[in-house]
Amino acid sequence: MRKWQLLIAVIFLVAALFVPLLALTDYTLQILFRVFLFAALGLAWNLVGGYTGQLSLGHAAYFGVGAYGLALFSKLGISPWASVSLGVGLAVICAAMIGKVSFRLRGPYFALCTIAFAEVLRLVAKNLPNVTGGDVGIQVPQLFPHSTIRCFYWSGVLLTGFALALSAWIERSRFGYYLMAIREDQDTALSVGVNAARCKLWALLISAAITGLGGALYASMFLFIVPDQVLAMDISTEIAIVAMLGGAGTLIGPLVGSVVLESAAEIFKNIFKEAHLLIYGVLIVVVVLFMPEGIVGTISRKLAWFKKAPSAPFATAAPVTAEEESQRTAINQ
Amino acid sequence: MSLLEVKHVSKRFGGLKAINDVSFLVKPGEVTFIVGPNGAGKTTLFNLITSVFHADSGSIHFEGRDISHLTPNGAAEIGIGRTFQLVKPLRNLTVLENVMLGAFLRTSSASKAEKEAAKVLSFLQMENVANLPARGMGLPTLKRLEIARALATQPKLILLDEVVAGLPTSEAIKLAMLLKRLPEWGISTIGGIEHVMQVVMRVADRVIVLDHGVLIAEGVPQDVVHRPEVIEAYLGSKYKEIAL
Amino acid sequence: MLNWFYIPLQGILNGLLTGALYALIGMGMALIFGVMRIVNFAHGAFLMMGMYATYVVFQATGVSPYYQFPLAGVLLFFVGYATYMGLLRPIRGQVDFMVILLTMGLALILTDAAQLVFGADYHQINIPLLSKNIHIGPQISINAPWLVSFGIAMVLACALYWVVTQTMFGRAARAIAQNPYAAPLMGINVNRVQAIAFGIGSAAAGISGALLLPVFYLFPEVGNQFKLKSFVMVVLGGMGSIQGAAIAGLVLGVVESLTSLYWGNEWALAVDFVLFILVLSLKPSGIFGSQRA
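Chains as they are written, first to last, in my numbering: chain A, -8 to 324; chain B, 178 to 421; chain C, 36 to 328.
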């Protein structure tokens, strides 16, 4: 199942590399760039939100820091690509600080805390016009002076490929098992020696690095950024939704999610004009209500169901299921 | 030399003295059972040994080293494995993957972890469920899975919290016979148990009786069950005369 | 004369007037969080609905929001009740993750629906009361509508407190907050109580919207900032404590007002969040009131 997923994704990405050879308009390529950019961001988010189960709603922080890093460092006279690396480094440093504080919190507290950090960064960027240009915005250098749009598109595909390869490797490594263990039950993870705090932090740092790089690409594509664009909560939400829609904690879920969501958004943008965000709302509600495991998660479960379900020894002998037991105990306490 | 040494440990939660000045020793290769009614403090004691909580006073030593202020994952690293009373499998992973998680403590290679996990699963006679997801399993399998995961960390001491609770007697005894073989692997065991005295009598080298956080009796099982203070803790003073 | 005294005093006073409305918003959120551990990301959108509903009624009839605010409350009660029954009840038992996403999705739908129906323009209403100011001494003045909304919000906040602490509903709600497993064994209809709590919490947001209408701008995304502020209040007040959230609302109003006074308006929200992060990292149980709703 997993091998098939990976194979399909690789074929898809390789095929995607040849798309610009077709005579497509710049506008279409720009949309496709966005599809792959958010696929990469979703894959990065998936490390924290999917495998580790920590609902980050503040990934705009790393995205925005990557974007502003590129703009600000190059304003100091540093070359664009060096500025990108410095911006990514800054995003990782931010992640380390945000992670230190927020990972001590569980459940909704964690989600709220990540929002708060991203919002503080947005407001600081808005309110320091001397540094960031404030609401007026700031210029971002061009990373690809020649055949610009194509290069952005290719870099989007490559970033997605990189994020996918990294996820595939992590998923089968000890680190990946540890992340999933933390998601499923942190106490169990600790009991087998998992340093949960350190694992969560590493997942976030990797995630933030990719997200920061994505932010820099995005900023350079537009050549001009304002805080409400790159540090907005909408960015955080969109990243999370791409991954959840496709299937949080699945390997290719975020890629599928981005293809579905971004193309749906594009279609709806033409129909509903200003209110195209409506589609996000409807998609979220539908996914949560009818397929909480996302598109890929739901499909792979359906497929597994068709295979013959092997009988489970011991299972029949059980007088109570584990769920019942834990419920009974919860009542007793 | 003793493997684990608990010295005058106390822990209170608010006004409740969950553990009150408890001391005992565990020797290498020994199977000790902590017996006590619900709320006697068995789980709290396990949480203290694995540093989930830290004691208010007293100290805990493992292989001569003070481990009173470790972290839970640190306790696992130095060789203390544990199971949970409320089974805590990683539901979306397979049984084998659950056990591999434990094995990863001693190796970073997935194939080595898989080998170790398979070895443990075969010891616990669970090979046939290895590749099924944990979420579909019944309680007896999940109880074994708890033990398997802890064993895969290659502990020197394993704490089994109510490992046979809720199991049919035949299954409980089968499991107990397996536990009796743990010393062959060089593993000492502390089991926490509410009753199921057949299991205790068959498996335990030593028994410790807790009542309201206080250690009230300690010794070989045949001896301990006949002590008046133990009978009183279980049946109430009214029945003491009759039972004796 | 005595500016060093009067200027901050005026600031504190303004802060309390705003803070009363914040308190009402925060109490609604805290009630919902306390009873069902749901962080309602649609709380701001509910407030926005209350504002638009009041705006529509005002445009049609000319009745001042200060008389017709109960309409928004009733409307939002039913919206909240229906949201719980239709959307949240089916996914009870799912991880917080899902609940947060669902309410986020709902907020997006409501906000964009408002944009489709009313457009993205800013609206404002004009009532005679707006031009009235009450002067206390030579230096201090209070804008009359703020004073009226302060009065109404305080009365409603006390009423809400009374409902939660003194009525059968409140007792049932607190029982569920303490132990959702045991409550049904005590004969409490958990679904009904939670639906009503969600309705009341939403109604508080709707009424706050109605009271905000005369003194604020109206646009589809108006709820976002209040949603974020209500998170801050719920955390400051101790997650789920309604009296804590009320005090936090007043404090937040004053902090924002003084921040605007000395550092500028644009820093007010940032200070809210810094306060929020500090509380979450230093004392996650909140600083005002430990008792749960």
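Glycine residues also receive a C-beta, built at the ideal position from the N, C-alpha and C atoms.
Item to check | Boundaries (first-last residue) of the beta strand (DSSP E) holding Thr366 (chain B) | outcome: Ser365 to Ile370 is the extent of the beta strand (DSSP E) around Thr366 (chain B).
Item to check | Selection of the segment 74 to 89 of chain C by Cβ proximity to chain A, strictly under 8 Å | outcome: Cβ contacts with chain A come from Val74.
Checklist entry - Does Tyr168 (chain A) get closer than 8 Å to chain B when you measure Cβ to Cβ? => result Residue contact with chain B for Tyr168 (chain A): present (Cβ-Cβ distance below 8 Å to some residue of chain B).
Checklist entry - Considering Phe210 (chain B), what are the terminal residues of the beta strand (DSSP E) in which it resides? => result Unbroken beta strand (DSSP E) run through Phe210 (chain B): Val208 to Val212.
Checklist entry - To which residues does DSSP link Ile350 (chain B) through a beta bridge? => result Answer by DSSP bridge pairing: none, since Ile350 (chain B) is not bridged.
Item to check | C-alpha distance - Ala326 (chain A) paired with Tyr252 (chain C), whole-angstrom precision | outcome: There is simply no residue 326 (chain A) to check, as chain A begins at -8 and stops at 324 in what is shown.
Checklist entry - Would a C-beta distance cut-off of 8 Å place Leu82 (chain C) and Gly258 (chain C) closer than the cut-off? => result In this structure, Leu82 (chain C) lies near Gly258 (chain C), with their beta-carbon atoms less than 8 Å apart.
Checklist entry - Would you report the Cα separation of Gly68 (chain A) and Pro132 (chain A), rounded to the nearest angstrom? => result About 11 Å.
Item to check | Minimum Cβ-Cβ distance from Pro180 (chain C) to chain A less than 8 Å | outcome: Using a Cβ-Cβ cut-off of 8 Å, Pro180 (chain C) does not count as an interface residue toward chain A, since no Cβ of chain A sits closer than that to its own.
Next on the checklist: Once DSSP output is grouped into helix, strand and coil, what is the label at Gly321 (chain C)?
Outcome noted: Annotated three-state conformation of Gly321 (chain C) is coil, per DSSP.
Checklist entry - Apart from the five residues just before and just after Phe261 (chain C), which ones in its own chain have a Cβ nearer than 6 Å to its Cβ? => result Annotation for Phe261 (chain C): Ile60, Gly79 and Leu82 place their beta carbon closer than 6 Å to its own, counting only its chain and skipping 5 residues before and after.
Checklist entry - So Leu23 (chain A) and Ala102 (chain A) are in contact, right, with Cβ under 8 Å, and what is the actual spacing, rounded? => result Under the criterion of beta carbons closer than 8 Å, Leu23 (chain A) and Ala102 (chain A) do not qualify as touching, at roughly 31 Å.
Item to check | Contact the segment 218 to 236 of chain A vs the segment 11 to 18 of chain A: 3+ CB pairs below 8 Å | outcome: Taking 8 Å as the limit for Cβ pairs, the verdict is that the segment 11 to 18 of chain A does not touch the segment 218 to 236 of chain A.
Checklist entry - Between the segment 198 to 207 of chain A and the segment 51 to 65 of chain A, do at least 3 Cβ pairs fall closer than 8 Å? => result A contact exists between the segment 198 to 207 of chain A and the segment 51 to 65 of chain A.
Checklist entry - By Cβ distance below 8 Å, which residues in the same chain neighbour Phe153 (chain C) in space, the five residues on each side in sequence not counted? => result Scanning its chain for C-beta atoms nearer than 8 Å, with the 5 sequence neighbours on each side dropped, one finds around Phe153 (chain C) the residues Tyr87 and Pro255, in chain order.
Checklist entry - What alpha helix (DSSP H) runs, 4 residues minimum, are completely inside the segment 67 to 93 of chain A? => result Correct list: 71 to 93.
Item to check | Whole-number beta carbon distance between Gly368 (chain B) and Ile244 (chain B), since they are thought to touch under 8 Å | outcome: Contact between Ile244 (chain B) and Gly368 (chain B) fails: their C-beta atoms lie close to 20 Å from each other, not under 8 Å.
Next on the checklist: Does Ser302 (chain A) come out as helix, strand or coil in the three-state DSSP assignment?
Outcome noted: The predicted model places Ser302 (chain A) with a pLDDT of 41, which falls under 50 and marks its position as unreliable, so this point remains unresolved.
Next on the checklist: Alpha carbons only, please: which of B:His389, B:Leu336 and B:Ala381 is nearest the one belonging to Gly396 (chain B)?
Outcome noted: Among B:His389, B:Leu336 and B:Ala381, the Cα nearest to that of Gly396 (chain B) is on B:Ala381.
Next on the checklist: Could you tell me the alpha carbon to alpha carbon distance between Leu29 (chain C) and Ala240 (chain C), rounded to whole angstroms?
Outcome noted: The requested residue 29 (chain C) does not occur in the structure, where chain C is confined to residues 36 to 328.
Item to check | Of the residues B:Phe300, B:Leu301, B:Ser299 and B:Ala280, the one placed nearest Glu291 (chain B), counting alpha carbons only | outcome: The shortest Cα separation from Glu291 (chain B) among B:Phe300, B:Leu301, B:Ser299 and B:Ala280 belongs to B:Ala280.
Item to check | The beta strand (DSSP E) enclosing Val384 (chain B), as first and last residue numbers | outcome: That run of the beta strand (DSSP E) goes Arg383 to Asp388.
Next on the checklist: Can you give me the C-alpha to C-alpha distance between Leu204 (chain A) and Ser93 (chain A), rounded to a whole angstrom?
Outcome noted: Their backbone Cα atoms lie some 22 Å apart in a straight line.
Checklist entry - Hey, out of C:Gln103, C:Asn178, C:Tyr196 and C:Arg124, whose CA is closest to Gly46 (chain C)'s CA? => result Among C:Gln103, C:Asn178, C:Tyr196 and C:Arg124, the Cα nearest to that of Gly46 (chain C) is on C:Asn178.
Checklist entry - Would Phe254 (chain C) count as contacting chain F if we go by Cβ distances under 8 Å? => result Annotation note: the requested chain F is absent from the structure, which comprises protein chains A, B and C.
Next on the checklist: I need the straight-line Cα distance from Ala212 (chain C) to Gly241 (chain B), nearest angstrom please.
Outcome noted: Distance between the alpha carbons of Ala212 (chain C) and Gly241 (chain B) is about 46 Å.
Checklist entry - Taking only runs of the alpha helix (DSSP H) that begin and end inside the segment 153 to 194 of chain A, which ones reach a length of at least 4 residues, in chain order? => result Counting whole runs of 4 or more residues, the segment 153 to 194 of chain A contains the alpha helix (DSSP H) stretches 165 to 175 and 177 to 182.
Checklist entry - Where does Tyr169 (chain A) land, buried or exposed, given buried means 16+ other C-beta within 10 angstroms? => result Per the 10 Å Cβ criterion, buried.
Checklist entry - Do Leu63 (chain A) and Pro71 (chain A) come within 8 Å of each other at the CB atom, strictly closer than that value? => result Not a contact, by the Cβ cut-off of 8 Å.
Item to check | Interface flag, Val301 (chain C) vs chain A, CB-CB below 8 Å | outcome: Inspection of the sequence shows that residue 301 (chain C) is occupied by Glu rather than by Val. Answer yes: the Cβ-Cβ gap between Glu301 (chain C) and chain A drops below 8 Å somewhere.
Item to check | Under the three-state DSSP convention, the category Gln159 (chain C) falls into | outcome: Note: Gln159 (chain C) maps to coil in three-state DSSP.
Next on the checklist: In the DSSP assignment, the alpha helix (DSSP H) including Val279 (chain A) goes from what residue to what residue?
Outcome noted: Leu269 to Phe281 is the extent of the alpha helix (DSSP H) around Val279 (chain A).
Item to check | Whole-Å CB distance - Phe112 (chain C) paired with Gly234 (chain C), under 8 Å assumed | outcome: Going by Cβ atoms, the distance from Phe112 (chain C) to Gly234 (chain C) rounds to 4 Å, so yes, they are a contact pair.
Next on the checklist: Alpha carbons only, please: which of C:Pro173, C:Ile144, C:Leu315 and C:Leu247 is nearest the one belonging to Leu182 (chain C)?
Outcome noted: Taking only the C-alpha atoms, the option nearest Leu182 (chain C) is C:Leu247.
Checklist entry - In three-state terms, what does DSSP make of Asn215 (chain B)? => result Reduced to three states, the DSSP call for Asn215 (chain B) is coil.
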